[in-house]
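Each step along the sequence shown adds one to the number in UniProt numbering, with nothing skipped, and position 288 is 288. Ideal placement from N, C-alpha and C gives every residue a C-beta, glycine not left out. Quantities reported herein were computed from a predicted structural model and do not represent experimental measurements. Heads up, the thing below is written out as structure tokens.
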Amino acid sequence: MEPNSSDLKCLEDLLSCLVSSSYTDEEETYVNLPIITPRIDQVLAQFRQRAKMSPWTTTSSSTEIMSSFEPEKNKFDNDSRIKRLEEQISHLLQKVTNSSKADLTVKAKKETDFTSESGSESGKENRKATRRSKLPNYRKNTLSTKLRSQRGKLSAKEQEKDFIKSKFQESHIKEGQSSSPASEITSLKVVGETPEKLGGPKSQLKKRNVDTGIQEEFTYKVLIQELDQEREKRWKAEEAEKKLSESIKQLQNQAKEEKDIQSVAVYTTDRLRELILKERYAKTRLQIDIRQLKEEAEKLGKELERSKQKEEDQQKALQTLEEALSKLESQKAQQQASEVKRIQTAELKASAAEREVQLLRICLQQQKEKVEQVHELLTLREQEHRKELETRVTLSGSEFQEALSKEVAREEQRHKDHIKELQEKRHQLNQKYKDLEDEFRVALTIEAKRFSEVKEGFDRLTAELAEHKQVLLHSQQKEKQSATLIHELTSVVKEQKDKITELIKSKQDIVYNLKSRIQILENMAEEDQQKTIQLELLKQEKSKLISQVTAQESVIDGLKAERKIWGEELAQQGKLLSLLSFIYPLLEPTSLSLWA
């Protein structure tokens with residue numbers, strides 16, 4: 001059972017108790033027994049237990065209620081039941097007020113009739129009887145003050161019965177008074193009767209007076225006991241009201257605490273949102289940095305491709321030069337006899353060229369090794385990049401396939417253009433080779449023609465040797481400069497390697513930081529989910545507490561209405577007791593006169 005339905009059942013039990021208390025025992029007599037109200041006591045005990053156990057049961061049963069909680073239906077049912085209970089309470093209050101007004105009007109009419117009839121007939125007899133009464137005056141005063149001060153709970157039907165009994169006793173006493181002078185006259189008229197016959201009615205009158213006194217004392221005791229019982233009930237109701245007010249204060253404090261918890265939760269959610277936004281901004285920045293690094297890597301790859309192309313061109317040029325040198329050597333071997341001196345000079349030039357070629361080959365080998373190392377690094381980076389792409393991007397995605405198709409088309413176009421360029425270069429080189437062959441042929445013919453001129457220029461060459469020596473010195477200086485350039489290039493390559501390693505390390509650090517931040521964000525998201533679940537639980541508990549508070553307020557309103565009704569009934573009983581205190585002294589003289 002839910003707490004709202006249990007509270008509504010408690011209210012229904014209270015209403016049933018009120019209805020049963022207003023319509024029970026029409027022919028009830030005065031009995032010296034305590035009034036028992038088991039239903040009201042049971043409902044109050046249930047409400048107290050619920051007030052004590054509410055802060056514990058709400059937290060323990062929150063998880064169980066989540067699975068079988070239908071708030072809309074329960075709210076609608078509870079609202080309809082509360083409206084019905086309010087209508088029943090208002091109807092009962094109207095009935096009680098109408099019945100109390102009707103009883104008061106009836107009693108007032110009866111009292112006026114009784115006083116108008118009895119005032120004219122028994123005014124003198126009451127005055128005489130008050131002088132002859134055996135009860136002392138102080139006892140009457142104390143009883144009247146006690147009856148006025150005490151407040152008891154009597155139903156309207158019981159009050160009417162008491163009033164009818166008192167009226168019946170008065171009428172009986174009047175009949176006795178009216179019959180007493182006639183009996184005296186008859187006793188005076190009768191002559192010769194014994195005193196035993198005359199003493200019979202006197203003993204009967206004494207017995208009647210004693211019985212009436214015992215009945216009056218018994219009624220006084222019953223009224224006092226009922227007043228004490230009503231006081232105890234009123235005290236219990238006030239204590240229950242105090243406890244209910246304390247429980248309402250506790251529930252209000254709990255509601256305030258829940259509001260504070262909700263405010264803290266809202267603040268924490270705002271902070272978490274800000275942190276998530278910051279992390280997203282940092283993530284975007286890191287993605288931008290990664291894109292920049294990728295662009296730089298692409299640029300370096302393009303530069304490597306260009307360097308490869310340059311190396312290939314240089315190799316081809318070297319091959320052509322070697323071929324040309326071999327041809328020249330063959331031609332020089334054929335012309336050794338005639339051109340010894342020129343051959344020597346040519347050999348010197350060839351040796352120098354070979355040295356340069358060897359140096360260039362060494363440089364090329366070093367560059368090849370460097371290029372291979374760079375290529376290995378690029379392959380490693382490409383593998384790592386592919387792994388990252390495999391982890392990040394799905395290959396079956398439409399966007400990835402479109403981008404891949406575009407890149408493939410671009411690369412195919414580049415490859416075609418490159419093939420065309422190579423074919424054009426090949427054609428040009430073939431043409432150059434043919435031209436060189438033609439030139440060599442022409443040169444051979446020219447050299448044959450100039451052989452005669454060489455002899456003449458031998459003398460000139462001797463003069464030119466000195467000049468060539470100077471040229472050799474200049475070439476040696478150039479070699480030194482080239483060595484320095486090679487050293488600088490090696491240093492540059494080392495610096496590039498260091499930069500590449502630093503970039504790889506920075507990239508790894510960035511990836512590690514991103515993974516750690518992603519884990520932190522996932523933990524934060526899990527905590528947010530838990531907090532949202534806790535907020536939902538708190539909202540449900542709040543709705544339950546609000547329903548409990550409304551139920552308790554309705555119970556308190558019912559108790560207040562009962563208190564008002566009891567106060568009105570006590571006021572009516574006080575009025576009746578004051579009337580009884582006024583009537584009983586009038587009854588005592590008549591009983592004494594009868595006894596006399």
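Please classify residue i as buried or exposed, where buried requires at least 16 neighbouring CB atoms within 10 angstroms.
i	result
V374	buried
A317	exposed
S547	buried
K449	exposed
A463	exposed
E569	buried
L223	buried
K242	exposed
K425	exposed
R410	exposed
K544	buried
Q401	exposed
R381	buried
E295	exposed
Q573	buried
L422	exposed
L577	buried
T212	buried
S554	buried
E230	buried
Give a yes or no on whether the C-beta atoms belonging to residue i and residue j are separated by under 7 Å.
i	j	result
L377	I290	no
V549	L227	no
L535	A265	yes
S338	F451	yes
K542	E257	no
L286	I518	no
M524	L272	yes
K302	V493	no
C363	I446	no
I556	L275	no
L514	E279	no
I248	Q552	yes
Identify whether residue i lies in helix, strand or coil by the three-state DSSP scheme.
i	result
Q401	helix
Q335	coil
L188	Confidence at L188 is low in this model, with a pLDDT of 36, below 50, so its placement is unreliable and the value that follows should be read with caution. Residue state, collapsed to three classes: helix.
Q292	helix
Y138	Model confidence at Y138 stands at a pLDDT of 37, short of 50, so the residue's coordinates are unreliable; what they give is reported in the following sentence. In the structure shown, Y138 sits in a helix (DSSP, three-state: H, G or I).
Go through its chain and collect everything with a Cβ distance to residue i's Cβ below 8 Å, but skip five positions before and after it.
i	result
Y23	Note that Y23 scores a pLDDT of 42, beneath 50, so its modelled location is shaky; the value from the coordinates is reported in the next line. Excluding residues within five positions, none has a Cβ falling inside 8 Å.
K283	L514 and R517
E314	A small correction: the amino acid at residue 314 is Gln; Glu does not occupy that position in the sequence shown. Excluding residues within five positions, the ones whose Cβ falls inside 8 Å are L360 and L364.
L461	K341, R342 and T345
V442	none
CB-CB under 6 Å to residue i, same chain, minus the five flanking residues each way: which ones, in chain order?
i	result
M66	The pLDDT assigned to M66 is 44, lower than 50, so where the model puts this residue is not dependable; a value taken from the coordinates is nonetheless given after this. Once the five neighbours on either side are set aside, M66 has no close Cβ partner at all.
H415	none
Tell me which residues share the same chain as residue i and place their Cβ nearer than 7 Å to its Cβ, disregarding the 5 neighbours each side in the sequence.
i	result
K505	none
residue 597	Because the chain is modelled from 1 through 596, residue 597 falls outside the range shown and cannot be assessed.
R563	A237
T532	none
Could you check whether the Cβ of residue i sits closer than 7 Å to any Cβ belonging to chain B?
i	result
R285	Protein chain content of the structure displayed is limited to a single chain, and chain B is not contained in it.
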